[in-house]
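Protein chains in written order, with this note's numbering: chain X, 7 to 353; chain H, 40 to 342. Cβ atoms here follow ideal geometry from the backbone N, Cα and C, with glycine treated the same way. Everything on this sheet refers to the single structure shown next.
Okay, here's the thing in structure tokens:
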């Protein structure tokens, strides 16, 4: 049960004393502020919107989901182009990442025993429902392909009867897994953006590209680190392309998301986003220059995975911080009102 | 049922949700100009709905120790102390014949209180309901938004989706059967089905909390704000009464005497699912790019 150590109510966020009224915007973190400190009013500095009651395992799931999706794609491509080593790395990566994803997702529910209630409706207005069905479609096929890969490692005399059948199912299942993988990587961006959390909602134009790029970089990094160097050419290309998209779109995202973009540069999220950029750029450079070296492949592959993880954690933390401080809710809305541009229905 | 305005725009929510013979939409009009901060609504709500204790702390924030709407607090009375700016205006408070004050105007305290009983807005376009992945949150025949305790699996998505920060996952007290489950005001669904007023409205001694048909409450609210303007209370304004606003208007609307954010309300709330088609489009483009990128990575590379 998450949050069980918290006190009832929103105790962690309660601020003591003070009076309501005009206040200088909070200066938490505050080493590099892009927008002048905003003057705004709040009710004793208390948050308006509530932060998602999730723990960091949701941020880890954003990462593992991306690795699972990218690995399925690489495994599918490797299978079709006859690269058994790369295929094995992809399928095993997919299996590990999917198992970790399910653990993180179930653990974060308030009533984990009711996990299957997710499957009682198909609801297009709920990205979590859509995501659950995407995973329900993807995971069994990806899992079957991974199982085929594992039994393929058994000694030959054991590969008989049902085991042979499983082996033959590996390719079709893996291809279905690959085709259903991109939605697994992309939907998590919608999952975050479809909230009232200022930093997540305001990132909705670019976040899917950041997350898909991050998925390619991380899964490419995994395959670089684990597959034979001679077969890992496509993984390196995939990783470098993903890293480029991730870095470019993260930059665009920060310039389009308004006030809450400052959270990408300050505090915990700022540190994570800076680390993500350095690690992703270094990993991509390593993949381009030293891809034929075993050691450099492992080092740059690990850097790419770490960079992707930092991106996910950074975006997650920026959202949490934007919900905890009423400034990020009030100021953009108040500015719309002052400009006479309230959101109104247009015929 | 999917209509043209199902995600955004003016709408009667119950028919849009598929009810064919729905009663008129029900809601609250909370007139904060006559709220005396007695918290009878908080107590009545807890008693009727069996809502357990909230965190109690001496917060030092005026008379407010219940601090927010959350899973254990479905009505919340805000107290705002501010310097008095102008002489008091007769707001037409109900009178029980208290003696006329003999204190000279200049000797009266130099501050004033704003008090407001906040509650779930029962939005026309309710983000919590839209994003709920289990169908636990549903639209009632009265146009209200209600959680089904036995279905919610505590995913917490509604908590992050609400633009007002109303709904929350119950965190305690330990042993409460609803710990881990999303909870909020039901507009006393179980009283409405028996033709009763919600408990808070029944308990309110000044009729600051009025219950009724949303259509009629909107008219009542308009008349009240006009009256206050005539009497010189130019700060009086309505909140949530516009069916063309960012959430399609709310079932629970308010008359406020200052900017919404002074009361802890967002000044221009928007239902997040308004942008959902765009979000899915962008995700579709990104996913397609990922698939193409993966395919290109294998082009002209022979092992």
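Could you give the DSSP three-state label for residue i: helix, strand or coil?
i                      : result
residue 58 of chain H  : coil
residue 27 of chain H  : Given a span of 40 to 342 for chain H in the structure shown, any question on residue 27 of chain H remains unanswerable.
residue 196 of chain X : helix
residue 47 of chain X  : strand
residue 164 of chain H : coil
residue 351 of chain X : coil
residue 6 of chain X   : Lying before the first or after the last residue shown, residue 6 of chain X is absent from chain X, which here runs from 7 to 353.
residue 190 of chain X : helix
residue 268 of chain H : helix
residue 292 of chain H : strand
residue 68 of chain X  : helix
residue 13 of chain X  : Low per-residue confidence applies at residue 13 of chain X: pLDDT is 37, beneath 50, and the placement is therefore not dependable, though the value from the model is reported in the following sentence. Coil at residue 13 of chain X, not helix or strand.
residue 181 of chain H : coil
residue 277 of chain H : strand
residue 228 of chain X : helix
residue 208 of chain H : strand
residue 156 of chain H : strand
residue 176 of chain H : strand
residue 115 of chain H : strand
residue 246 of chain X : helix
residue 215 of chain X : helix
residue 89 of chain X  : coil
residue 150 of chain H : strand
residue 325 of chain H : helix
residue 186 of chain H : strand
residue 31 of chain X  : Here residue 31 of chain X scores only 44 on pLDDT, less than 50, and its place in the model should not be relied on; the value that follows carries that caveat. If DSSP states are grouped into helix, strand and coil, residue 31 of chain X belongs with coil.
So, for residue i: in the same chain, excluding its five sequence neighbours on each side, which residues have a beta-carbon less than 6 Å away from its beta-carbon?
i                      : result
residue 101 of chain X : 152
residue 79 of chain X  : 184 and 187
residue 94 of chain X  : 155
residue 33 of chain X  : Reliability of the predicted coordinates at residue 33 of chain X is poor, the pLDDT of 40 falling under 50, and no value is obtained from them.
residue 266 of chain X : 204, 205, 208, 328 and 334
residue 318 of chain X : 65, 68 and 69
residue 240 of chain H : 248 and 250
residue 78 of chain H  : 116
residue 309 of chain H : 285
residue 93 of chain H  : 105, 111 and 112
Take residue i and list the residues in its own chain whose beta-carbon comes closer than 8 Å to its own, dropping the five residues that flank it on each side.
i                      : result
residue 260 of chain H : 68, 70, 277, 280, 292 and 294
residue 138 of chain X : 124 and 125
residue 14 of chain X  : In this prediction, residue 14 of chain X has a pLDDT of 38, which is less than 50 and means its spatial position is unreliable; what the coordinates show is noted afterwards. Hits under 8 Å: none found.
residue 82 of chain H  : 242
Sorted by chain position, which residues of the same chain lie with C-beta nearer than 7 Å to residue i's C-beta, five sequence neighbours on each side aside?
i                      : result
residue 123 of chain H : 149, 150 and 151
residue 305 of chain X : 292
residue 211 of chain X : 262
residue 36 of chain X  : Interpretation of residue 36 of chain X is limited by its pLDDT of 42, a score under 50 that renders its predicted location unreliable; no figure is taken from the coordinates.
residue 275 of chain H : 72, 264, 267, 268, 294 and 296
residue 299 of chain H : 278, 305 and 306
Inset, instruction - Specify whether the segment 176-192 of chain X and the segment 43-56 of chain X touch according to this definition: at least 3 beta carbon pairs, one from each stretch, less than 8 Å apart. - result: The segment 176-192 of chain X, when compared against the segment 43-56 of chain X, does not touch it at the 8 Å Cβ threshold.
Legend entry - Interfacial residues, the segment 127-156 of chain X to chain H, with Cβ spacing under 9 Å: Going along the segment 127-156 of chain X in chain order, one finds 127, 129, 130, 131, 132, 133, 134, 135, 136, 137 and 138 with a Cβ nearer than 9 Å to chain H.
Inset, instruction - Check whether the segment 330-339 of chain X touches the segment 81-96 of chain X, counting contact only when three or more Cβ pairs, one atom from each stretch, lie closer than 8 Å. - result: No, the segment 330-339 of chain X is not in contact with the segment 81-96 of chain X.
Inset, instruction - Please list the residues of the segment 50-63 of chain X that have a C-beta atom closer than 8 Å to any C-beta atom in chain H, keeping them in chain order. - result: Result list: 50, 52, 53, 54, 55, 56, 57, 58, 59 and 60.
Legend entry - Stretch pair the segment 222-230 of chain X + the segment 205-213 of chain X: three plus CB contacts closer than 8 Å: The segment 222-230 of chain X, when compared against the segment 205-213 of chain X, does not touch it at the 8 Å Cβ threshold.
Inset, instruction - Determine which residues of the segment 189-206 of chain X have a Cβ less than 7 Å from any Cβ of chain H, and write them out in chain order. - result: Within the segment 189-206 of chain X, those residues whose Cβ lies closer than 7 Å to any Cβ of chain H are, in chain order, 189, 191, 192, 193, 195, 196, 199, 200, 201, 202 and 203.
Legend entry - Entirely enclosed beta strand (DSSP E) segments - the segment 49-113 of chain H, minimum 3 residues: Here the runs fully enclosed are 65-70.
Legend entry - Segment contact flag, the segment 190-203 of chain X with the segment 319-339 of chain H, C-beta cutoff 8 Å, min 3 pairs: Touching, per the Cβ criterion.
Legend entry - Start-end ranges of the beta strand (DSSP E) lying completely within the segment 226-259 of chain H, minimum 3 residues: For the segment 226-259 of chain H, whole beta strand (DSSP E) runs of length 3 or above, ordered along the chain, are 248-252.
Legend entry - Near-chain X residues of the segment 191-202 of chain H (beta-carbon distance less than 8 Å), N- to C-terminal order: 191, 192, 193, 194, 195, 196, 198, 199, 200, 201 and 202: these are the residues of the segment 191-202 of chain H whose beta carbon lies less than 8 Å from some beta carbon of chain X, given in chain order.
Legend entry - Any 3 or more C-beta pairs closer than 8 Å across the segment 201-209 of chain H and the segment 148-167 of chain H: Judged by Cβ distances under 8 Å, the segment 201-209 of chain H makes contact with the segment 148-167 of chain H, as three or more pairs qualify.
Inset, instruction - Would you check if the segment 306-313 of chain X and the segment 280-292 of chain X touch, i.e. whether three or more CB-CB distances between them fall below 8 Å? - result: At 8 Å Cβ cutoff, the stretches touch.
Inset, instruction - Only counting runs of 4 or more residues, tell me where the alpha helix (DSSP H) segments fall wholly within the segment 104-186 of chain X, in order along the chain. - result: With a minimum length of 4 residues, the continuous alpha helix (DSSP H) runs that stay inside the segment 104-186 of chain X are 133-157 and 168-185.
Legend entry - Every unbroken alpha helix (DSSP H) inside the segment 264-346 of chain X [4 residues or more]: 273-296, 300-330 and 333-344, all fully within the segment 264-346 of chain X.
Legend entry - Members of the segment 45-77 of chain H that neighbour chain X once the beta carbon cut-off is set at 9 Å: Within the segment 45-77 of chain H, the residues whose Cβ lies closer than 9 Å to any Cβ of chain X are, in chain order, 45, 46, 47, 48 and 49.
Legend entry - Contact set between the segment 340-351 of chain X and chain H, restricted to residues whose Cβ is under 7 Å from the partner: Taking 7 Å as the cut-off between beta carbons, the residues of the segment 340-351 of chain X near chain H are 340, 342, 343, 348, 349, 350 and 351, in sequence order.
Inset, instruction - Spell out a yes or no on whether the segment 258-275 of chain H and the segment 292-301 of chain X are touching, meaning 3 or more CB-CB pairs, one atom from each, closer than 8 Å. - result: These segments do not touch.
Legend entry - Selection of the segment 281-301 of chain X by Cβ proximity to chain H, strictly under 9 Å: Those would be none; no residue qualifies.
Legend entry - the segment 216-224 of chain X touching the segment 156-167 of chain X, judged by at least three CB pairs closer than 8 Å: The segment 216-224 of chain X vs the segment 156-167 of chain X: no contact.
Inset, instruction - Could you name the residues of the segment 163-192 of chain H whose beta carbon sits closer than 8 Å to any beta carbon of chain X, in the order they occur along the chain? - result: So the list reads 166, 169, 170, 171, 172, 173, 174, 175, 190, 191 and 192, given in the order they occur along the chain.
Legend entry - Segment contact flag, the segment 215-229 of chain H with the segment 41-49 of chain H, C-beta cutoff 8 Å, min 3 pairs: Verdict: no, contact absent.
Inset, instruction - Could you run through the segment 276-294 of chain H and flag, in chain order, every residue whose CB is less than 7 Å away from some CB of chain X? - result: Listed in sequence order: 283, 284 and 285.
Legend entry - Cβ pair count under 8 Å reaching 3, the segment 169-186 of chain H against the segment 46-58 of chain H: Yes: at least three Cβ pairs fall under 8 Å.
Inset, instruction - Determine which residues of the segment 238-255 of chain X have a Cβ less than 8 Å from any Cβ of chain H, and write them out in chain order. - result: Result list: 239, 240, 241, 243, 244, 247, 248 and 251.
Inset, instruction - Could you list the residues in the segment 319-332 of chain H with a C-beta less than 8 Å from some C-beta on chain X, going in chain order? - result: Legend: CB atoms of the segment 319-332 of chain H lying less than 8 Å from CB atoms of chain X belong to residues 319, 321, 322, 323, 324, 325, 326, 327, 328, 329, 330 and 332.
Inset, instruction - Compile a chain-ordered list of the residues in the segment 302-323 of chain X whose CB is closer than 7 Å to at least one CB of chain H. - result: Under the 7 Å Cβ criterion, the segment 302-323 of chain X contributes no residue.
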